[in-house]
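S.K.: If you read the sequence shown in the working numbering, its first letter stands for residue 703, the second for the next number, and so on. From the three backbone atoms N, C-alpha and C, an ideal C-beta is built for every residue, glycine too.
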Amino acid sequence: MTVITESTSTSEVYLSRVQEVLAEAAQAELPAVLRAAKTVADTFDRDGILYVFGSGHSHVFAEEAFYRAGGSARISPILQDDYMLHVSAQRSTELERQEGHAEDILGHYPIRSGVDAMLVVSNSGSNALPIEVALAAKRRDLPVIAITSVAYARSTSAPGRRLHDVADIVLDNHCPPGDALVSIAPGLPKAGPGSSAVGIALLNAVIVEALALQSEGGAQPDIYLSAGMPGAAEHNRALADRFRDRIPHI
């Protein structure tokens, strides 16, 4: 841990805080990571797909897991433009707080009841859309894994259930309400979000553990190679061709 002095840079403080939160989450959430990995491995073993959804900035989790060097080929991101940031950041923020969008979003994907699994990411855990996506997945008999900040979810005044109340397995990123980790100066909002750095580490921990469980069970995990590695083009093309009909964004 960084010892804070008058000469410590703000960047050092931020990196130290990220390390602290990640270390706390890694220790406290390991049992949940292992449960989530078993759920994902079982999904892959029954020829299923892990769908990953997040709105606003949380959509980066879906992109991180998809078509990724060292990642599973059995992961489908749920990426609908209006709920991401590149079309309109303000509009996506409005939409994720509205009810009634989940079924339309999921209708773009060939989700198989009782076969596939869903991972939903929402740092605040209180917005309507990710909660509705989780509930819609459960109606389809999919196990639901959540990555969220339980402290943040409990601090908000939004009515209704929270994502951690709905999901079957919860990975708490241990980030504080508001997410930002560093005080810059008196009178200024805190800066330096931690939820992506910590949450993506938890996400990848689940995936690599699931792949290891598959291997230990005698299965051959479907893992993408980095495009710069020898034989990657042929290897990745074969995997993409296998899953093209089931993962729309390939």
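Y716 lies in the alpha helix (DSSP H); which residues open and close that run?
M.R.: Start and end: T712 to A730.
S.K.: Determine whether the beta carbon atoms of A899 and K892 lie at a separation below 7 Å.
M.R.: Going by C-beta atoms, A899 is not nearer than 7 Å to K892.
S.K.: Is H866 buried or exposed, if buried means 16 or more other CB atoms sit within 10 Å of its CB?
M.R.: So H866 counts as buried.
S.K.: Taking 7 Å as the limit between beta carbons, can you name the residues of its chain near T741, skipping five residues before and five after?
M.R.: Here the set comprises A819, P845, I847 and I871.
S.K.: Which stretch, first to last residue, makes up the alpha helix (DSSP H) that contains S917?
M.R.: It spans S897 to E918 - the alpha helix (DSSP H) in which S917 sits, taken as one unbroken run.
S.K.: Whole angstroms are fine: how far does the CA of R944 sit from the CA of A912?
M.R.: C-alpha separation (whole angstroms): 20 Å.
S.K.: Exposed or buried, E805, counting other C-beta atoms within 10 Å across all chains shown (16 or more means buried)?
M.R.: Classification for E805: exposed.
S.K.: Applying the 10 Å Cβ sphere with the 16-neighbour rule, what's the burial state of A839?
M.R.: So A839 ends up on the buried side.
S.K.: From E936 to G772, what does the alpha carbon distance come to, in whole angstroms?
M.R.: If you take the alpha carbons of E936 and G772, they lie about 15 Å apart.
S.K.: Between the Cα of G901 and those of I952, D874, V852 and A934, spot the shortest distance and give me the residue it belongs to.
M.R.: If we check each option's Cα against that of G901, D874 comes out closest.
S.K.: Taking the straight line between their C-alpha atoms, what separation do you get for I751 and I925?
M.R.: Rounded to the nearest angstrom, the two C-alpha atoms are 13 Å apart.
S.K.: Nearest by alpha-carbon distance to V823: which of E765, A727, R814 and T850 is it?
M.R.: Ranking E765, A727, R814 and T850 by Cα distance to V823 puts T850 first.
S.K.: Ignore the nearest five residues each way along the sequence and tell me which others in R946's own chain have a CB closer than 7 Å to its CB.
M.R.: Within the same chain, R946 has close Cβ partners I952.
S.K.: Unbroken alpha helix (DSSP H) runs of length 4 or more, entirely within the segment 802 to 867: which are they?
M.R.: Listed in chain order, the complete alpha helix (DSSP H) runs (minimum 4 residues) inside the segment 802 to 867 are 804 to 808, 830 to 841 and 852 to 857.
S.K.: Please confirm whether A853 and P832 have their CB atoms less than 7 Å apart.
M.R.: Going by C-beta atoms, A853 is not nearer than 7 Å to P832.
S.K.: Please report the straight-line C-alpha distance between L781 and A921, rounded to a whole angstrom.
M.R.: If you take the alpha carbons of L781 and A921, they lie about 29 Å apart.
S.K.: Return the CA-CA distance between R814 and P779, expressed in angstroms with no decimal places.
M.R.: Their backbone Cα atoms lie some 15 Å apart in a straight line.
S.K.: Sorted by chain position, which residues of the same chain lie with C-beta nearer than 7 Å to S760's C-beta, five sequence neighbours on each side aside?
M.R.: Closer than 7 Å at the Cβ level, and outside the excluded window around S760, lie V823, S824 and N825.
S.K.: Could you check if I949 is buried or exposed, using at least 16 other CB atoms within 10 Å of its CB as the buried criterion?
M.R.: When all chains shown are included, I949 counts as buried.
S.K.: Quick one: residues in its chain with C-beta nearer than 7 Å to the C-beta of T712, no 5 flanking neighbours on either side, listed in chain order?
M.R.: Hits under 7 Å: V884 and I886.
S.K.: Which residue spans inside the segment 760 to 785 form an unbroken beta strand (DSSP E) run of at least 3?
M.R.: Taking only runs of at least 3 residues, the beta strand (DSSP E) segments lying wholly in the segment 760 to 785 are 777 to 780.
S.K.: Let me know if E918 comes out buried or exposed under the rule of 16 or more other beta-carbons within 10 Å of its beta-carbon.
M.R.: By the 10 Å Cβ count, E918 comes out exposed.
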